[in-house]
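So the sequence shown is numbered by the working numbering: it starts at 20 and just counts up by one.
Here a beta-carbon is modelled for each residue, glycine too, at the ideal position from N, C-alpha and C.
Predicted model, so just to flag it, every value in this text is computed and none were measured.
Beneath this line is the structure, given in structure tokens, with notes to follow.
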Amino acid sequence: MKPVVSYLTEDRHPAVVRTLLNRQAHMFGSDATIDAYVEDAGDPAFDSLIVTRDNRTRGVILTRRRFPETVEVHLLVVDDTVHRTGIGSFLLREAAARARTAGAKMLTVRVLGEGRGHQEWAGVRAFYEANGFIPLDDTGPAVLLAKHLPERQDWEDGL
Ligand SMILES: CC(C)(COP(=O)(O)OP(=O)(O)OC[C@H]1O[C@@H](n2cnc3c(N)ncnc32)[C@H](O)[C@@H]1OP(=O)(O)O)[C@@H](O)C(=O)NCCC(=O)NCCS
């Protein structure tokens, strides 16, 4: 079976992030939104993970620790030619492992609500729910979802 990724790095590559975002620009609304994410990709306030497969960058996740207890997924984007091959889930698992190791208890994300954005946002929400996130709040333009990060001992006990 083909491995999900061949290389994982914590390096920052804003130009590569721009390429990934431009290929799916319809998901991100405007050039200004993409410019802001590209700027964030070079900002040390965000933790960055980038994966490579077949010598091409295939996905990036930016996370931010807003509070000691929580880490927020700020951006997760996978190369559209390799969607549904496990790369997004791999990046989420890696980010969750790092957040847990750093002492965080919860991973959160905001996803545009159905009917308030492009139809594809329903798929993005399905992706997070398939990865163990549950919805917490839908009173704003985005749905807030969260996933509990078990203590290492609970995790090893299978809780
Ligand atoms: C959302 C995204 C990151 C998912 O990454 P991915 O690598 O394609 O997802 P995975 O292969 O790990 O998917 C795991 C599971 O999530 C669910 N899932 C993923 N995409 C889905 C979709 N479009 N519709 C419904 N379920 C979906 C499925 O259960 C899938 O398992 P399966 O393929 O065996 O059925 C990717 O589609 C993407 O980059 N989208 C554009 C950018 C974006 O919208 N990012 C979110 C902003 S934070």
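Take the alpha-carbon of H102 and the one of R129: they are about 20 Å apart.
Around the Cβ of R31, a 10 Å sphere holds 16 or more other Cβ atoms; the residue is buried.
The Cβ atoms of R77 and D98 lie closer than 7 Å to each other. Here S49 is exposed, its C-beta having fewer than 16 other C-beta atoms within 10 Å. With a threshold of 16 other beta carbon atoms within 10 Å, L131 meets it and is buried.
R103 has its CB nearer than 6 Å to a heavy atom of ligand 1. In the three-state reduction of the DSSP assignment, L40 falls in the helix class. Here DSSP, grouped into helix, strand and coil, assigns L168 to coil.
Take I153, set aside five residues on each side of it, and no residue of its chain has a beta-carbon closer than 6 Å to its own. Secondary-structure assignment with DSSP links S67 through a beta bridge to L81. A straight-line Cα-Cα distance of about 11 Å links T127 and D156. Pairing L168 with E113 gives a Cβ-Cβ distance that is not under 7 Å.
Between ligand 1 and the CB of A145, the shortest heavy atom gap is smaller than 6 Å.
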